[in-house]
């Protein structure tokens with residue numbers, strides 16, 4: 001197995017009910033170029049992803065550079081492999097030189113070595129200017145930068161997924177010459193996929209892939225001779241036709257069919273030669289391997305200065321060169337918090353409340369003296385006057401917009417038509433009745449009890465506003481009673497509600513803003529995590 005850089009045996013892979021790889025076998029020798037040919041959607045990219053350890057097979061075996069991808073000390077994925085994916089996944093905020101430097105540092109290269117490799121790759125691939133940002137490069141230029149990033153560390157295995165798409169023919173030829181050179185001089189194994197079938201003639205071996213199966217793999221010359229064709233495209237066509245007819249099950253059988261039994265000795269010689277090379281196999285389409293037991297992946301953590309430097313530089317540049325993301329991260333949280341604080345959690349304002357005061361008219365309350373409303377004249381008694389005016393003064397609040405009425409019926413009529421939210425009615429003898437009730441307690445007559453009450457009718461069709469106003473009025477009345485007991489030098493408990501509620505967590509004074517703040521902070525963090533990059 002050591003002579004092979006890649007060996008795939010009986011590979012199966014599916015996405016849901018769709019099977020992508022079907023009993024696929026493949027071998028790539030060290031120091032060779034392996035061209036993987038096939039139409040879009042035949043499974044080439046999936047196969048390469050399994051080879052580099054980005055995806056796992058459903059069943060079958062993969063060995064890369066003598067080890068299983070993803071296991072300890074395999075180096076795959078890692079510095080032993082260079083992988084250029086079909087999709088461009090470079091950070092758009094990097095410059096051309098910055099992108100190469102980033103991958104070099106991730107691969108633990110020195111800055112001097114990165115600079116040396118960058119100069120040679122820039123000349124080879126005709127890279128854009130050093131300071132041009134990736135997002136400002138064309139698609140072809142980005143592919144060349146991605147190509148350079150895969151080759152910067154001179155890997156033992158180079159995997160290129162359609163690297164020459166959209167390139168100038170002259171540049172494509174120079175790239176192929178370079179790949180041939182490093183495969184021969186540096187013993188680098190190269191797997192390259194391409195749409196250009198004739199381009200693969202420069203490869204040492206080609207694999208013809210269709211519908212998740214490797215129909216054949218051998219040198220281009222041997223395949224052309226074997227099938228007596230002038231182009232690899234004709235060879236591919238013959239194999240596709242055999243597959244459609246269900247005849248592609250055995251190499252010797254295919255040769256017999258192709259040559260109509262006329263060259264038995266040539267067939268045997270070809271079969272022997274192919275066997276000696278370890279190549280020239282055609283898929284046996286009817287046999288399926290059992291599922292394999294997975295090797296346990298081992299993860300290790302170590303702090304590497306080069307890795308840390310590269311990642312910090314990437315995050316810094318990605319953040320500060322992305323204007324939209326920077327504005328989003330800095331301005332959006334401020335706007336959201338301002339909107340939240342201004343619109344959520346505050347008390348409603350200017351709720352219309354109709355007031356009918358039968359004890360004193362509005363003109364009299366405008367000139368009353370608060371100091372004269374509660375005058376103590378004995379230890380247990382106090383003289384009350386103009387209490388209705390005092391309460392109406394206490395009830396003033398930004399939440400409440402007082403609307404005064406001369407009679408109760410007019411106020412109720414406006415409330416029924418939605419002009420006001422509720423009606424507050426104070427009886428004619430409120431101050432005197434309040435005093436009698438305080439002195440007599442439970443012995444007070446029904447008339448005294450009735451006229452000592454402040455009656456409130458609320459429109460609860462909008463329950464949120466109605467309930468808010470209700471609790472505000474209750475709070476104001478408690479404050480009103482506390483003020484009276486203080487001025488009369490009476491015990492404070494007389495003004496308190498007899499039942500006390502003790503909260504296990506928090507308090508009843510917490511605002512709605514405090515309650516909502518954790519959710520808003522989580523929302524901000526979520527949106528910051530999805531900042532456009």
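In full-length UniProt numbering, the protein residues as written are 1 to 533.
For glycine and all other residues, C-beta sits at the position ideal for the given N, C-alpha and C.
Remember, it's a predicted structure, so these values are computed and weren't measured experimentally.
- For residue 402, the enclosing beta strand (DSSP E) has its first and last residue at 400 to 404.
- In the structure shown, the three-state DSSP call for residue 453 is coil.
- Within the DSSP secondary-structure output, residue 63 pairs in a beta bridge with 7.
- In the DSSP annotation of this structure, residue 78 is not part of any alpha helix (DSSP H), being labelled neither H nor E.
- DSSP places residue 150 inside the alpha helix (DSSP H), whose first and last residues are 139 to 151.
- Of the candidates 377, 203 and 454, the residue whose Cα lies closest to the Cα of residue 184 is 203.
- In the DSSP assignment, residue 422 forms a beta bridge with 353 and 458.
- By the neighbour-count criterion, in which 16 or more other beta carbons inside 10 Å mark a residue as buried, residue 242 falls on the buried side.
- Within the model, the alpha-carbon separation for residue 150 versus residue 83 is close to 5 Å.
- For residue 217, DSSP records a beta bridge to 207.
- Straight across, the Cα-Cα distance linking residue 529 with residue 8 is about 39 Å.
- Counting along the chain, no beta strand (DSSP E) covers residue 177; the unbroken alpha helix (DSSP H) around it starts and ends at 169 to 185.
- Below 8 Å, too few C-beta pairs join the segment 368 to 387 and the segment 395 to 403 to call them touching: fewer than three.
- Cβ neighbours of residue 171 within its own chain (closer than 7 Å, five residues either side excluded): 126.
- For residue 519, the uninterrupted alpha helix (DSSP H) run begins and ends at 512 to 529, by DSSP.
- Restricting attention to alpha helix (DSSP H) runs no shorter than 4 residues, the segment 315 to 390 encloses them at 323 to 343 and 362 to 365, ordered along the chain.
- Judged by their CB atoms, residue 26 and residue 92 are not nearer to each other than the 8 Å cut-off.
- Taken through DSSP and simplified to helix, strand or coil, residue 20 comes out as strand.
- With a contact defined as Cβ atoms closer than 8 Å, residue 114 and residue 152 qualify at about 7 Å.
- Counting C-beta atoms within 10 angstroms of its own C-beta, residue 29 has 16 or more neighbours from the protein chains shown and is therefore classed as buried.
- Residue pairing by DSSP places residue 312 in no beta bridge whatsoever.
- Distance from residue 391 to residue 471 at the Cβ level is roughly 17 Å; contact not present, criterion being Cβ atoms closer than 8 Å.
- Per the Cβ contact rule, the segment 354 to 362 is not in contact with the segment 310 to 329 (fewer than 3 Cβ pairs under 8 Å).
- Residue 21 places its beta carbon 8 Å or farther from that of residue 236.
- Rounded to whole angstroms, the separation of the alpha carbons of residue 137 and residue 207 is 33 Å.
- For residue 14, the three-state secondary structure derived from DSSP is strand.
- The C-beta of residue 526 has fewer than 16 other C-beta atoms within 10 Å across all chains shown, which makes the residue exposed.
- In the DSSP assignment, residue 95 is bridged to 133.
- One alpha carbon belongs to residue 42, the other to residue 305, and they sit about 41 Å apart.
- One thing to note: residue 34 has its Cβ within 8 Å of the Cβ of residue 191.
- Sequence-distant partners of residue 108 (beyond 5 residues in either direction) whose C-beta falls short of 8 Å from its own C-beta, in its chain, are 79, 304, 306 and 307.
- Contact annotation: the segment 425 to 445 does not touch the segment 508 to 522, with fewer than three C-beta pairs closer than 8 Å.
- Here the alpha carbon of residue 489 sits roughly 13 Å from the alpha carbon of residue 384.
- Counting along the chain, the unbroken alpha helix (DSSP H) around residue 483 starts and ends at 463 to 487.
- By the neighbour-count definition (other C-beta atoms within 10 Å, threshold 16), residue 139 is an exposed residue.
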